[in-house]
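Enquirer: Residues 285 to 1014 (the numbering used here) make up the first sequence, in order.
Below are the structure tokens for one structure; questions will follow.
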Amino acid sequence: MHNDTFTSKLPDQHPEINRETLNEPQYEAVTTVNGPILVIAGAGSGKTRTLTYRVAHLVSCGIAPERILLLTFTRKAAQEMLWRAGRLLNDSCSRVVGGTFHGIANMLLRRYGSSLGFGSSFTIIDRADAEGIINLLKSSLGLTGKEKQFPSKRVLINMISGSVNKSIALDDLVLEHYAHLSDHLDDILTLQKHYADFKINHGLMDYDDLLVNWKRLLEEDEEARREIGNRFSHIMVDEYQDTNLIQAEIVRLLAGEQHNIMVVGDDSQSIYSFRGADFYNIMRFPKVFPETQIIKLEENYRSTQPILSLTNNIIRNSTEKYTKTLFSRIEGDNLPKLYGGLDERAEARFVAKKIEQLHKEGTPLENIAVLFRSGFHSYKLEVELGTIGFDFEKRGGQKLTESAHMKDVLSFLRLLVNSRDNLSWNRILLQLDKVGPKTAQKITATIAAADDPFAALAAYPAAASWQQGLARLNGLFVSLQQESDTGTLFELTMQYYEPLFQQIYRDDYPKRQKDLEQLKGIMASYDDLQTFIDDTTLDPPESESSATPLTDRLVLSTVHSAKGLEWDVVFVIGLADGRFPHAAALVGDQWEEERRLFYVAATRAKKQLFLCYPKEMMSTDRRFKRVGMSPFLNELDRGVYQLIDSDPPGSSGYATSGSLSSSSFLSGKRRHRPKLSMEDLTVGSRVKHPFFGEGVVKKLTKPRTLDILFTRHGLKSLHLDYAKLEIIKN
DNA sequence: AAGTGCCAAATTTTT
DNA sequence: TTTGGCACTT
285 MHNDTFTSKL PDQHPEINRE TLNEPQYEAV TTVNGPILVI AGAGSGKTRT LTYRVAHLVS
345 CGIAPERILL LTFTRKAAQE MLWRAGRLLN DSCSRVVGGT FHGIANMLLR RYGSSLGFGS
405 SFTIIDRADA EGIINLLKSS LGLTGKEKQF PSKRVLINMI SGSVNKSIAL DDLVLEHYAH
465 LSDHLDDILT LQKHYADFKI NHGLMDYDDL LVNWKRLLEE DEEARREIGN RFSHIMVDEY
525 QDTNLIQAEI VRLLAGEQHN IMVVGDDSQS IYSFRGADFY NIMRFPKVFP ETQIIKLEEN
585 YRSTQPILSL TNNIIRNSTE KYTKTLFSRI EGDNLPKLYG GLDERAEARF VAKKIEQLHK
645 EGTPLENIAV LFRSGFHSYK LEVELGTIGF DFEKRGGQKL TESAHMKDVL SFLRLLVNSR
705 DNLSWNRILL QLDKVGPKTA QKITATIAAA DDPFAALAAY PAAASWQQGL ARLNGLFVSL
765 QQESDTGTLF ELTMQYYEPL FQQIYRDDYP KRQKDLEQLK GIMASYDDLQ TFIDDTTLDP
825 PESESSATPL TDRLVLSTVH SAKGLEWDVV FVIGLADGRF PHAAALVGDQ WEEERRLFYV
885 AATRAKKQLF LCYPKEMMST DRRFKRVGMS PFLNELDRGV YQLIDSDPPG SSGYATSGSL
945 SSSSFLSGKR RHRPKLSMED LTVGSRVKHP FFGEGVVKKL TKPRTLDILF TRHGLKSLHL
1005 DYAKLEIIKN
């Protein structure tokens, strides 16, 4: 290749970037400047660091930093990477362009988008907005009703965005993946059509539109493509396994003819297929760019060998064949621990106590994380932590800007940058007393047809009962339109909104008020309203608790939100059947994705890993239900983890060894298992153990202790008080 | 047409 | 625990 111009050695003065700290393949990646590079690497192998090195190297070779485009999964990841690269090269990397696909799409569309027929005044809507529109359309099209089990708005928006991301027609998608809804196919298609029209008519763009239009821009606008191509000569993509088909196309188009492109990813960490991510993008990459150099990294720099043995064990059972066996040179004799609590509360208490203990022994709280499948799985733990008095930061779940009061305030501001945004109009009008859905819709329709929506609102013939409210609203807009300072805009809005706010949320407005205070702070740091609005949608600020300084705080997070991060000690909770894997995940692709999700969770741990599950859970109707442990735990080899029995012996009902298999307690009949005595058993009795399976009693050793030979697990010495034995035959 | 109160049902993950 | 639908009242 044309390497000659760029053979300069890496700068010696930078401690992080000499040959010793890089392993061989990474170094190769850094010094190969031309042509496509694909890095396939396992968890903890330093993929992201490799990208950083290359950025630093390119800059040191004289590539203008602003011509490097870095596409990462979260905006934070981009910031961090640029910061590190900048440190390597005395800050000359700060001009590198980095961000999420959606963020970059937004930037480019605002710059070049007019050629596609939409002006720069579009508003980005999030998932909740999309669901709101769907709901609105559902009722206006008369698609509700009991006799028709029409899919929920959440399922609908999943289907619509799924078909976009996978680039297949909606009817094919429904027939393939939502066959049980095929009766509603016509209605669903109608809805999709109306949804698309609604967005166009009201100047709204959802996450999918950003990508679709970016792709269109590159394909259809010759001039824009040339300009963008000139602007970015070197493209890099992190977490490539999480890209969808559209994103892969965008990457291909961006790479232009130079093919100066580098992507890194790990197929066993692909956990976003519900969003259209397709890890075959990685497999296809060498076909799209035939001169690709492939680099595989199998050494893990994060976790100890015992943790790696367990995580290797998890993906061993994966049906995909591209998985790797990672090895680590980091020593450690701490086996991952497995704990089964009686119920969720016991599980939460165990975790809280353990964290307290670790903290006393000197582990800072910020080096500990608790991970779970779904946002609400941590409720019980949050309560327990509260009683101990530990501060924590929760990630995942509902975002700050998704709460109703935040949307209310943002609606006013969104209208200032896009007065056609009828979703916001509707929201604001509904706040007025004596104005309900019907009236709001009428007003919105009138406004939408007018050239100047604000004037139309002022001229609208109001009924006497809400005339005053409307007048007040008009007054607000008159004063808002004369302002441009973001701080003042916020103040004015709050003056109007405050009384309504206290009325609408009279039960809990003090709590919500804190959020608004925080929004005020965030907003004041922006000069430009449009940027502020875009940012709050694309990268919502985290909720109130994370505003406090980041001192010694425990992290509670969904597994998805924990991606790419690491902690010394990691707890994975809620590893119960029906909870993790998620109950709706059927066998097949979805099942495999859940497994990879478990893999991602476990690989976050550097030194110590705890896997926990409740044996009993409350179901929706406040009844307790026995559950088994997650099938993914059942598959693990016995030797890769250690069972913990921290429950005091004698507290009946607490299993202290082994765990329940799903089948043995489903009947519920054995809830009050009579205690076995030695008289019940003799040498030769056949017994069944919930974990070890079937076995034969070989020897009665001490009082209440016996040796049993299990068919699958060999000879075990068990105590009658602890082991949950069932006599099959005496 | 708006507001209120009650009952039933649902409940993933995210840029 | 929260949300949505429905019937009933204002």
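Ideal Cβ positions, reconstructed from N, Cα and C, are used throughout, including at glycine.
Source: prediction; values computed, not measured.
Whose C-beta lies closer than 8 angstroms to the C-beta of E511 among residues of the same chain, with five residues either side of it excluded?
Expert: Result list for E511: Y396, in chain order.
Enquirer: Indicate whether A362 and A340 have their beta-carbon atoms separated by less than 9 angstroms.
Expert: Cβ distance not < 9 angstroms, so A362 and A340 don't count as in contact.
Enquirer: When you compare the CB positions of S687 and L699, do they come within less than 9 angstroms of one another, or not?
Expert: For S687 and L699, no; Cβs fall outside 9 angstroms.
Enquirer: Using the Cα positions of D408 and F385, report the straight-line distance between them to the nearest angstrom.
Expert: A small fix is needed here, since residue 408 is Ile in this sequence, not Asp. So the two alpha carbons sit approximately 14 angstroms from each other.
Enquirer: For K983, does the count of other Cβ atoms within 10 angstroms reach 16, so buried, or fall short, so exposed?
Expert: That one is exposed.
Enquirer: Give every residue of the same chain whose Cβ lies closer than 7 angstroms to the Cβ of E1010, excluding the five residues on either side of it in the sequence, and list them in chain order.
Expert: Contacts found: V971 and K972.
Enquirer: Evaluate E504 with the Cβ neighbour count: other Cβ atoms within 10 Å of its Cβ, from every protein chain shown; 16 or more gives buried, anything less gives exposed.
Expert: Exposed is the call here.
Enquirer: Can you tell me whether K644 is buried or exposed? The criterion is at least 16 other CB atoms within 10 Å of its CB, across all chains shown.
Expert: Exposed: under 16 other Cβ atoms inside 10 Å.
Enquirer: Give the DSSP-derived three-state secondary structure of A327 in the structure shown.
Expert: Three-state DSSP puts A327 in coil, outside helix and strand.
Enquirer: By DSSP's criteria, T356 is part of a beta bridge. Which residues make up the other side?
Expert: T356 pairs with T384.
Enquirer: Determine the DSSP secondary structure at F611, reduced to helix, strand or coil.
Expert: It is a strand residue.
Enquirer: So, are the CB atoms of L278 and L764 less than 9 angstroms apart?
Expert: What is shown of the chain runs 285 to 1014, which leaves residue 278 out entirely.
Enquirer: At a cut-off of 8 angstroms, is I388 close to the ligand GDP when judged by its beta-carbon and the heavy atoms of the ligand?
Expert: In the structure shown, the ligand GDP is absent, as is every other ligand, since no ligand is present at all.
Enquirer: Could you tell me how far apart the beta carbons of N528 and D550 are, in whole angstroms, since I believe they sit closer than 8 angstroms?
Expert: Contact flag wrong, Cβ pair sits at about 17 angstroms.
Enquirer: Provide the residue(s) that pair with H341 in DSSP beta bridges, ordered along the chain.
Expert: DSSP lists no partner for H341.
Enquirer: Which of helix, strand or coil does DSSP assign to N449?
Expert: In this structure, N449 counts as helix in the three-state DSSP scheme.
Enquirer: When we look at the beta-carbon of N514 and count the other beta-carbons within 10 Å, is it buried (16 or more) or exposed?
Expert: Counting Cβ neighbours within 10 Å, N514 comes out exposed, since fewer than 16 surround it.
Enquirer: Just to check my reading of the structure: V856 and A886 have Cβ atoms closer than 8 angstroms, yes? What is that Cβ distance to the nearest angstrom?
Expert: Confirmed, Cβ separation roughly 6 angstroms.
Enquirer: Do the segment 648-663 and the segment 862-869 make contact, defined as three or more Cβ pairs closer than 8 angstroms?
Expert: At 8 angstroms Cβ cutoff, the stretches touch.
Enquirer: If I472 sits next to L440, beta carbons under 8 angstroms apart, how far is it from one beta carbon to the other, in whole angstroms?
Expert: Indeed they touch by this definition, with Cβ atoms about 7 angstroms apart.
Enquirer: Which residues does DSSP pair with I652 in a beta bridge?
Expert: Answer by DSSP bridge pairing, in chain order: V853.
Enquirer: Am I right that S914 and L859 are in contact with their C-beta atoms under 8 angstroms? What's the rounded C-beta distance?
Expert: 4 angstroms between Cβ atoms; contact.
Enquirer: What span of residues does the alpha helix (DSSP H) with K580 cover, start to end?
Expert: From DSSP, K580 is part of no alpha helix (DSSP H) but of the beta strand (DSSP E) over Q577 to L581.
Enquirer: Which class does Q787 belong to by DSSP, given the choice of helix, strand or coil?
Expert: Helix at Q787.
Enquirer: CB D964 to CB S557, shorter than 9 angstroms?
Expert: It is not a contact, given that the beta carbons lie outside the stated cut-off.
Enquirer: Do the segment 316-335 and the segment 573-581 make contact, defined as three or more Cβ pairs closer than 8 angstroms?
Expert: In short, these stretches touch, since the Cβ pair count reaches three.
Enquirer: For G416, which option in L619, N706 and L840 has the closest C-alpha, if you only look at C-alpha atoms?
Expert: Minimum Cα distance to G416 is reached at N706.
Enquirer: Do T842 and G673 come within 9 angstroms of each other at the CB atom, strictly closer than that value?
Expert: No, the pair does not count as a contact, with Cβ atoms beyond the cut-off.
Enquirer: Going by alpha carbons, who is nearest to Q542 out of E782, G670, F573 and W498?
Expert: Checked all of E782, G670, F573 and W498; the closest Cα to Q542 is F573.
Enquirer: Going straight from the alpha carbon of M391 to that of E801, what length do you get?
Expert: In a straight line, the C-alpha of M391 is about 28 angstroms away from that of E801.
Enquirer: Use the C-beta contact count for P932: other C-beta atoms within 10 angstroms, 16 or more gives buried, fewer gives exposed.
Expert: For P932, the predicted structure reports a pLDDT of 44, less than 50, and the residue's modelled location is therefore unreliable. A value from the coordinates is still provided. Flag for P932 reads exposed.
Enquirer: Pairs of beta-carbons, one from the segment 621-640 and one from the segment 660-670, closer than 8 angstroms: are there three or more?
Expert: Yes, they touch.
Enquirer: Can you give me the C-alpha to C-alpha distance between T356 and L366, rounded to a whole angstrom?
Expert: The straight-line gap from Cα to Cα measures roughly 11 angstroms.
Enquirer: On the DSSP letters alone, give me the boundaries of the alpha helix (DSSP H) that R510 sits inside.
Expert: R510 -> alpha helix (DSSP H) spans E506 to R515.
Enquirer: Quick one: what does DSSP say I347 is sitting in, helix, strand or coil?
Expert: Looking at I347 - three-state DSSP - the assignment turns out to be coil, as it is neither helix nor strand.
Enquirer: Short of 6 angstroms in beta carbon distance, which residues of its chain neighbour A327, apart from the five on each side in sequence? Order them along the chain.
Expert: Taken in chain order, the residues that qualify are T887.
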